[in-house]
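Report on the following structure.
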Amino acid sequence: MLDSTYTKRGKMENTTAKRHAISIAVSMALLSSVAIADDHDSLIVNATRLEKPLYSVPASVSIVDQTAIQSGKQQLGLDESLVRVPGVFMQNRYNFAQDLRISIRGFGSRATFGIRGIKLYVDGIPATLPDGQGGVDSIDIGSIQRMEVIRGPSSSLYGAAAGGVINMYTESGPRDKPFVEGRVSIGSYDFTKVQLKAGGQKDKLNYLVSISHTKLGGYRDHSGTKNVLFNSKFRYDIDGTSDLTLTLNAVDSPKADDPGGLRRVGNTFNVDLTNPTDAQRNNLRFDTGESVKQQQIGLLYNKTIGEKHELRLRNYYVFRDFDNRLPFGDFSRLGIVPSGGVVELDRFFVGGGAQYSYSDALLGHKNHMTVGVDIDSQQDERVNFTNIVDSPVVGPKSLDQDEEVFSWGIYLQNEFSITDSLELSAGIRYDEIKYDFKDHYFVDVTDDSGKIRFSEWSPQAGLSWQVNTGVNLFANISTSFEVPSSREFANPTAAGGFNSSLTAQTAINYEVGVKGSLSQISHYEVSLFKIKTDDELVLAGTNPAGSDFFENAGETIRKGLEASVTFEALKNTDMTMSYTYSDFEFDNFTSGGTSFSGNALPGIPEQTAFVELAYQNPQGYFVIWDTQYVSEVTVDNANSDAAASYSVSNLRAGFSSKIGNSVISPFIGINNIFDKQYIGAVRVNESRSRFFEPAPELNVFVGLSIRFQ
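This is the structure:
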């Protein structure tokens, strides 16, 4: 159980905290009024699926570089580096069975596990399935060089589940001298991580190989994890105009325990839960958690034909074995029908794509056209068994079905330069997604097999205007759609097959913004947006088998402000600040006879802010301090309760010293330096009111890396 230090009832946001957070946004707006700029063309992104200067993209795009991802970091999760990006909110950092939950402008907040509503890519290979499920358990943070985050609906280029996009790019080997690097870190809660990385260039072949082992006991009972990750990239320059890249990735995670959510103080149920480190009792009795084995191979081919044509091809194969124990099962002695709390899943995920680009003058103006096609297939063999309480023995089978999802999409994007400083972009995409469930376990001689198909057009239009070398204005209208994932199709009745009453969620985004770089400001950005969503997919409850089931809300409205700025505060000291204001609410939603219209969307704070001071001494020393503020987070559609607002600060320091041909870099980090008690994750609409997952108190890690080159 949790006291009021962690949770808070009532109206969101206290006035003092709100004034403090808004003042950060005002300060950033004032800072961005300084004139005269840097060379902003040096920041190149692939947001439009082709290389393009960041400030000419008519959308909200953020870059996270290698220093922010790796330097002195614990490297437990992507949230360590994505926390600086406005509009992005993350939970479940310390629950590895549920996986990191990432939301962008509220898309993804409904996820009961893993990632929904946004698309993930690593080196051009999707980490999101055709049905919209995404995960980060196969991502090797220690080899990521750069991340690009597209904030807002992007289905015109990326298809379904693209309320936002995160593109990750791993390191390439250095062209001059090969290297070998070892990194070891240890810390609180039995944390250890060992990584070995090597890369270089041999004739036309560039290579990088990384392998790591991570172990964490966890702050809470029954929250430990273990995994081994392998990631590699080999790029062969065929003839100067074409290249072929091979990526190999594997993960073996035999353990990721789930401690479950806790209730607040005052509830007489499970009165033994008096400590935030406790696990939910049923999670202990059913030994909840997961194990994963996955192997992936990807191929990417790029060809430049003259100065006007470019061709990109990709192909990938993913094999995944997944076992999961959930906190429900055989309570027949209590008169509760046995249900399938043990999941065994074999998955084969395959796909490919082709993209052609043509650049030439049109009506005397620069013009760039891109057409492409994506094809993806997901095949799951799912078998559920009854989970036996207080026993490692698996009970009788409760579900046996094959689930196939096939998707294809074709898109067209055009960028037309009206003048040298004004560019118009427009695009459209058509997608089809087909589900085919085959039931092999008939209950009461009922075959719950079935098929369903979704199709959607996704248009987009944007305008970017370079006012001067430091000020770039943009506006866009973009769309997205999202289909239920395979697991979100669970029937309210607990039968097999799927819930045929669900429809696709659609959204339209209106946005304006300004961004650029100035003489004393390396980067700034301010965005205002409004998003109208129809048929929002929301968690409705739990069926008799213990599975979550979903329904469509009528309409939701999202209005928001996002701002960020990075500048040199002192000599050798950079300051980064970001702020997000999110006014997200149900506009028209009634469920079970109760109207939730006007309520805030659960799982999303109204305000977040981030401040970082990074000192880098020319002799190699660094000290980095950061603070994150998060306002209250409501727990359900009724807004009946909320996790209290909090501010958490972290500190890390280290230095690099060159000795001969090696560079030695020790580092230390202190998380939650002021030992705050706060909720790290909210389980949205949890049917038993077990909403809250406490985050760790003050904890420390130290490490050492040695690089030979």
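Going by my numbering, the first residue of the sequence shown is number 4, and it counts up by one from there.
Think of the CB as a built atom: it goes at the ideal place given N, C-alpha and C, for glycine as much as any other residue.
{"Check": "Cβ neighbours of residue 406 in the same chain (closer than 7 Å, five flanking residues each side left out)", "Outcome": "383, 385, 440, 489"}
{"Check": "Proximity of residue 431 and residue 376 at Cβ, strictly below 9 Å", "Outcome": "no"}
{"Check": "Cβ contact (3+ pairs, closer than 8 Å) linking the stretch 592-612 and the stretch 620-638", "Outcome": "yes"}
{"Check": "Through-space distance from residue 652 to residue 677, alpha-carbon basis", "Outcome": "7 Å"}
{"Check": "Cβ-based neighbour list, residue 688, same chain, cut-off 7 Å, excluding 5 preceding and 5 following", "Outcome": "542, 605, 639, 640"}
{"Check": "Inter-residue spacing [alpha-carbon to alpha-carbon] between residue 270 and residue 184", "Outcome": "At residue 270 the pLDDT is 46, less than 50, meaning the model places this residue with poor confidence and gives no usable figure here."}
{"Check": "Assigned exposure category for residue 367 - 16 Cβ within 10 Å defines buried", "Outcome": "exposed"}
{"Check": "Cβ contact check for the stretch 153-163 and the stretch 284-296: 3 or more pairs under 8 Å", "Outcome": "no"}
{"Check": "Counterpart residues of residue 526 in DSSP-defined beta bridges", "Outcome": "569"}
{"Check": "Same chain, Cβ closer than 6 Å to residue 250, five either side skipped, listed in chain order", "Outcome": "126, 236, 301"}
{"Check": "CB contact flag (residue 138, residue 175, <9 Å)", "Outcome": "no"}
{"Check": "Proximity below 9 Å, CB of residue 519 to CB of residue 473", "Outcome": "yes"}
{"Check": "Cβ of residue 231 within 9 Å of any chain B Cβ", "Outcome": "Within the model displayed, chain B is absent; a lone protein chain is all it includes."}
{"Check": "Option in 625, 624, 629, 623 with minimal Cα separation from residue 616", "Outcome": "629"}
{"Check": "Start-end ranges of the alpha helix (DSSP H) lying completely within the stretch 30-111, minimum 4 residues", "Outcome": "69-73, 82-85"}
{"Check": "Cα-Cα separation between residue 476 and residue 521, rounded to whole angstroms", "Outcome": "14 Å"}
{"Check": "Spatial distance of residue 659 from residue 231 (CA atoms)", "Outcome": "27 Å"}
{"Check": "Residue 79 and residue 194 closer than 9 Å at C-beta", "Outcome": "yes"}
{"Check": "Burial state of residue 364, where buried means 16 or more other Cβ atoms lie within 10 Å", "Outcome": "exposed"}
{"Check": "Residue 437 vs residue 419 beta-carbon contact at 9 Å", "Outcome": "no"}
{"Check": "Opening and closing residue of the beta strand (DSSP E) in which residue 701 lies", "Outcome": "First-last for residue 701: undefined, no H or E at that position."}
{"Check": "Unbroken beta strand (DSSP E) run spanning residue 650, endpoints", "Outcome": "649-658"}
{"Check": "The beta strand (DSSP E) enclosing residue 304, as first and last residue numbers", "Outcome": "292-308"}
{"Check": "Closest Cα partner of residue 380 within the set 282, 352, 404", "Outcome": "352"}
{"Check": "Stretch-stretch touch, CB-based, cutoff 8 Å, three pairs: the stretch 499-511 with the stretch 84-98", "Outcome": "no"}
{"Check": "Euclidean distance between Cα positions of residue 697 and residue 682", "Outcome": "4 Å"}
{"Check": "Secondary structure of residue 713, DSSP reduced to three states", "Outcome": "Any property of residue 713 remains undetermined from this structure, which presents the chain solely from 4 to 712."}
{"Check": "Residues near residue 84 in its chain [Cβ-Cβ closer than 6 Å; skip 5 each side]", "Outcome": "67, 71, 72"}
{"Check": "C-alpha distance - residue 399 paired with residue 450, whole-angstrom precision", "Outcome": "19 Å"}
{"Check": "Rounded separation between residue 390 and residue 359 - CA only", "Outcome": "51 Å"}
{"Check": "Rounded separation between residue 434 and residue 690 - CA only", "Outcome": "34 Å"}
{"Check": "Span of the beta strand (DSSP E) around residue 239", "Outcome": "228-240"}
{"Check": "Beta-carbon separation (whole angstroms), residue 417 vs residue 61, contact threshold 8 Å", "Outcome": "Actually they do not touch by this definition, with Cβ atoms about 13 Å apart."}
{"Check": "Contact belief for residue 623 with residue 670 at Cβ below 8 Å, rounded distance in angstroms", "Outcome": "With 8 Å as the limit, residue 623 and residue 670 do not qualify as a contact, their Cβ atoms being about 11 Å apart."}
{"Check": "Coil, strand or helix - residue 158 by DSSP", "Outcome": "helix"}
{"Check": "Backbone secondary structure at residue 144 - three-state DSSP", "Outcome": "helix"}
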